[in-house]
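Scroll down for the structure; my scribbles are underneath it.
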Amino acid sequence: MAFIPHTPADIEEMLAAIGAASIEELFDEIPASIRARPLTGVPEAFGEMQIGRLMRERAACDGLPLSFLGAGAYEHHIPAAVWAIATRGEFYSSYTPYQAEASQGTLQTIYEFQTMIASLTGMQVANASLYDGASAFAEALLMAMRINRRSKSLKALVPSTVHPHYRAVARAITSHQSVKLEEIPYCTETGRIVPEALVRYEGEDVAALAIQQPNFFGVLEDADALSDWARRRGIPVVAIVNPTSLALLQPPGAWRGGADVVVGEGQPLGVPLSSGGPYFGFMATRMEHVRQMPGRIVGRTLDTTGHPGFTLTLQAREQHIRRGRATSNICTNQGLMVTAATVYLSLMGPQGLQRVATACHARTAELLEALTRVPGVRSAFSSPFFHEVVLRLDRPAAPVLAALARQDILGGIDLAPYYPELGAAFLACATETKTTADIEAFASAVGAALTSQHAA
Amino acid sequence: MSQVPSGLRYSKTHEWVRVMPDGLLEIGITDHAQRALGDLVFVETPEPGRRVSAGEPYAVVESVKAASDVYCPVAGEIAAANTELASAPERINQSPYEAGWIARIRPDDAAAVAKLLTPEQYSKLIEAEGD
Numbered sequence: 009m010a011f012i013p014h015t016p017a018d019i020e021e022m023l024a025a026i027g028a029a030s031i032e033e034l035f036d037e038i039p040a041s042i043r044a045r046p047l048t049g050v051p052e053a054f055g056e057m058q059i060g061r062l063m064r065e066r067a068a069c070d071g072l073p074l075s076f077l078g079a080g081a082y083e084h085h086i087p088a089a090v091w092a093i094a095t096r097g098e099f100y101s102s103y104t105p106y107q108a109e110a111s112q113g114t115l116q117t118i119y120e121f122q123t124m125i126a127s128l129t130g131m132q133v134a135n136a137s138l139y140d141g142a143s144a145f146a147e148a149l150l151m152a153m154r155i156n157r158r159s160k161s162l163k164a165l166v167p168s169t170v171h172p173h174y175r176a177v178a179r180a181i182t183s184h185q186s187v188k189l190e191e192i193p194y195c196t197e198t199g200r201i202v203p204e205a206l207v208r209y210e211g212e213d214v215a216a217l218a219i220q221q222p223n224f225f226g227v228l229e230d231a232d233a234l235s236d237w238a239r240r241r242g243i244p245v246v247a248i249v250n251p252t253s254l255a256l257l258q259p260p261g262a263w264r265g266g267a268d269v270v271v272g273e274g275q276p277l278g279v280p281l282s283s284g285g286p287y288f289g290f291m292a293t294r295m296e297h298v299r300q301m302p303g304r305i306v307g308r309t310l311d312t313t314g315h316p317g318f319t320l321t322l323q324a325r326e327q328h329i330r331r332g333r334a335t336s337n338i339c340t341n342q343g344l345m346v347t348a349a350t351v352y353l354s355l356m357g358p359q360g361l362q363r364v365a366t367a368c369h370a371r372t373a374e375l376l377e378a379l380t381r382v383p384g385v386r387s388a389f390s391s392p393f394f395h396e397v398v399l400r401l402d403r404p405a406a407p408v409l410a411a412l413a414r415q416d417i418l419g420g421i422d423l424a425p426y427y428p429e430l431g432a433a434f435l436a437c438a439t440e441t442k443t444t445a446d447i448e449a450f451a452s453a454v455g456a457a458l459t460s461q462h463a464a
Numbered sequence: 415m416s417q418v419p420s421g422l423r424y425s426k427t428h429e430w431v432r433v434m435p436d437g438l439l440e441i442g443i444t445d446h447a448q449r450a451l452g453d454l455v456f457v458e459t460p461e462p463g464r465r466v467s468a469g470e471p472y473a474v475v476e477s478v479k480a481a482s483d484v485y486c487p488v489a490g491e492i493a494a495a496n497t498e499l500a501s502a503p504e505r506i507n508q509s510p511y512e513a514g515w516i517a518r519i520r521p522d523d524a525a526a527v528a529k530l531l532t533p534e535q536y537s538k539l540i541e542a543e544g545d
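Keeping their order, the protein sequence lines are chains A and B. Take the position in the first sequence, starting the count at 1, then add 8; the result is the number in the numbering used here. Take the position in the second sequence, starting the count at 1, then add 414; the result is the number in the numbering used here.
Here's what the structure looks like:
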């Protein structure tokens with residue numbers, strides 16, 4: 009049985025009513041040159057048994073490696089209750105429902121999520137989430153351009169310490185709106201932006217400044233000085249933050265110059281690595297900018313009988329009302345991931361999250377110490393860090409990391425493709441999931457790999 | 415019946431224009447427009463110094479029902495904006511032609527006002543629209 013509500017007879021009737029000969033005719037105005045052609049090379053559909061087997065085989069490819077990978081996605085302990093609750097039938101839908109207000113429980117969950125994100129980031133209002141951290145960053149830059157109505161330049165200063173993938177995604181999304189991303193160099197000794205690097209932009213028309221804290225290297229930027237520089241010049245600040253770190257670090261709302269839009273990747277909050285997704289992005293801002301924010305927002309209100317209830321609010325920003333002049337074509341959110349994050353944050357509480365963040369930092373300090381004891385390995389930067397560090401090797405990182413992978417240890421990200429000026433260097437991370445024994449095993453495997461390659 | 419004060423000029427998109435003694439033009443939306451929109455909850459006013467052409471959206475009014483662009487009836491430069499609307503958008507509902515003004519513009523061509531609708535012409539227009 010086809011689950012298509014209109015029959016061939018219905019289609020005929022509708023076409024006759026509008027005077028079209030065929031459905032094809034409705035697409036006449038799309039030039040033939042840009043039409044999608046039939047996909048070739050797509051295999052025949054599988055049955056449930058076959059697809060189940062394929063998926064199990066694919067899942068097994070990930071194995072159970074000892075992972076020190078970070079760079080935007082982090083392995084954290086997820087209490088069993090998180091997904092037991094998030095996958096209950098009542099929550100198990102990835103979208104805000106089409107009749108949103110009929111699902112008060114879903115709306116309340118999103119409202120609680122927004123409240124937690126606003127509280128974590130030190131901002132006044134948050135949306136119901138975006139696709140992921142990178143696209144949230146792109147949306148934040150566009151939002152900053154709308155906030156900064158005095159600027160004509162559409163030029164955003166984006167430090168090269170911002171995640172390379174985030175910069176690439178932001179460039180892909182914003183370039184068609186004539187936004188220019190100008191990269192600010194970093195200091196190769198400290199791994200952070202030198203506030204003096206901003207001096208050359210004095211008097212220039214700058215539309216926004218991005219600050220990632222901690223930055224891609226795990227290093228803490230001088231967020232107070234950077235945000236203060238922007239604030240004094242009326243330049244909106246876009247902050248990219250790791251939500252776990254906010255349990256220890258100053259939230260952007262409390263930076264000396266504050267922040268106008270705060271975004272980040274929500275995956276560390278109860279979402280498994282899952283071979284790369286789905287994850288979710290979060291976004292928070294100040295109340296004065298709420299009408300420039302993209303995405304959905306759930307508000308709390310009173311119904312006609314005076315009882316509290318939840319509703320989608322400020323929808324006049326959205327595309328179903330404002331059409332081409334909407335703040336964004338984002339019209340949904342990562343509902344299921346957000347439900348998991350809300351349960352995770354509720355279970356952790358502020359103290360629990362702080363313990364996670366403290367343990368991550370302590371493990372990473374231990375990792376740094378263990379690895380720099382290995383001959384041929386040294387710390388790249390002298391600055392304070394959160395839960396990632398850059399390590400320099402006395403020979404290229406790629407073969408060393410490949411040797412570790414053969415022993416089921418994912419040692420980190422080779423930085424050579426992204427930051428060639430650092431020479432042989434890689435980025436490693438240790439979260440609360442790593443034990444002293446794990447770290448020692450990692451260090452001795454690095455030592456063995458360096459020795460054997462030295463011999464070879 | 416909506417009010418259509420004499421002494422003002424009007425646009426087909428329901429904006430009014432007042433020529434001020436100093437030659438600036440005060441602009442806003444008409445009584446008919448505010449009635450159609452309903453209770454306003456937010457007004458986005460333009461940044462002074464911005465150049466606008468005739469027919470270009472220069473402000474946004476948001477009611478409980480919808481958000482609408484407000485079009486500039488004549489080309490010029492924004493000289494001032496009614497910043498009080500940020501905290502009191504209801505001024506437009508209460509007093510569309512006085513306290514609810516949206517912006518003052520310095521017109522490129524003062525004679526452009528004469529090409530806009532007279533109160534009589536505008537009254538006919540909204541009558542045809544069922545006011």
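For each residue, glycine too, the CB sits at the ideal point set by N, CA and C. Values in this document were obtained by computation on a predicted structure and should not be read as measured data.
The alpha helix (DSSP H) that contains A:K188, what's its start and end? It is not in any alpha helix (DSSP H) - A:K188 instead sits in the beta strand (DSSP E) that spans 188 to 192.
Look at the Cβ atom of A:K163, then the Cβ atom of A:E204, and state whether they are nearer than 7 Å. no
Q) In the segment 480 to 492 of chain B, which residues sit with their C-beta less than 8 Å from some C-beta in chain A, listed in chain order? A) A480, A481, D483
- Query: In or out: A:F54 buried (at least 16 other Cβ within 10 Å) or exposed?
  - Reply: exposed
Q) Using a Cβ cut-off of 7 Å, which residues of the segment 158 to 174 of chain A contact any Cβ in chain B, in chain order? A) R158
Is the segment 171 to 187 of chain A touching the segment 123 to 135 of chain A in the sense that three or more CB pairs, one from each, lie closer than 8 Å? no
Pull up the CB-CB distance for A:I417 and A:L74, whole angstroms please, since I reckon it's below 8 Å.
5 Å
Please determine, among B:P510, B:A528, B:E440, B:G544, the residue with the shortest C-alpha to C-alpha distance to B:V418. B:P510
So, under 8 Å CB-CB, A:V2 and A:L423 are touching, yes? Tell me the CB distance rounded to an integer number of Å. No information on residue 2 of chain A is available, as it lies outside the stretch 9 to 464 that chain A covers here.
Exercise. Mark B:N496 as exposed unless 16 or more other C-beta atoms lie within 10 angstroms of its C-beta, in which case mark it buried.
Key: buried
With which residues is A:D422 paired in a DSSP beta bridge?
A:F434
Report task. In angstroms with no decimal places, state the Cα-to-Cα distance between A:E83 and A:C437. Result -> 9 Å
Report the option in B:E512, B:E491, B:L531, B:D523 whose CA atom is closest to the CA atom of B:E461.
B:E491
Under 8 Å Cβ-Cβ, which residues of chain A neighbour B:E461?
R157, R158
For A:Y119, is the classification buried or exposed, using 16 other Cβ atoms within 10 angstroms of its Cβ as the cut-off for buried? buried
Next on the checklist: Are the CB atoms of A:F145 and A:A92 within a distance shorter than 7 Å?
Outcome noted: no
inquiry  = List, in chain order, every chain B residue whose beta-carbon is nearer than 7 Å to that of A:A324.
reply    = E476, A480, A481
Next on the checklist: Does B:D453 come out as helix, strand or coil in the three-state DSSP assignment?
Outcome noted: coil
- Query: chain B beta carbons: is any one of them nearer than 7 Å to that of A:R330?
  - Reply: yes
*Which residues in the same chain have their Cβ closer than 8 Å to the Cβ of A:D213, if we skip the five residues on either side of it in sequence?*
S159, K160, S161, K163
CB contact flag (A:F434, A:A405, <7 Å)
yes
What is the rounded straight-line gap between the Cα of B:R432 and the Cα of A:F99?
56 Å
Margin query: Assess contact between the segment 299 to 310 of chain A and the segment 323 to 342 of chain A, defined as three or more Cβ pairs (one per stretch) separated by less than 8 Å. Is contact present?
Written below: yes
Quiz item: Taking the Cβ atom as the reference point for each residue, do A:A152 and A:A216 lie within a distance shorter than 7 Å?
Solution: yes
**OP:** Could you give the DSSP three-state label for B:V433: helix, strand or coil?
**Re:** strand
Just list the residues that DSSP pairs A:K163 with in beta bridges.
A:K188
Limits of the alpha helix (DSSP H) - the one that A:D18 falls within = 16 to 26
Spatial neighbours of A:A432 within its chain, please: CB distance less than 8 Å, with the 5 preceding and 5 following residues excluded, ordered by chain position. R400, L401, D402, R403, P404, A405, A424
Check your understanding: Which class does A:C195 belong to by DSSP, given the choice of helix, strand or coil?
Key -> strand
For the segment 279 to 311 of chain A, which residues have a CB atom closer than 8 Å to at least one CB atom of chain B, in sequence order? R299
- Task: Pick out whichever of A:P286, A:A247, A:A29 has its Cα sitting closest to the Cα of A:A348.
- Result: A:P286
Restricting to runs no shorter than 4 residues, where is the alpha helix (DSSP H) found entirely within the segment 453 to 512 of chain B?
505 to 508
Quiz prompt | A:D311 versus A:G317 - alpha carbon distance | solution = 6 Å
Self-check item: Three-way DSSP call (helix, strand, coil) for A:M356 in this model
Solution: helix
request  = Return helix, strand or coil for A:L310, following the three-state DSSP convention.
outcome  = strand
Tell me which residues share the same chain as A:S41 and place their Cβ nearer than 7 Å to its Cβ, disregarding the 5 neighbours each side in the sequence. none
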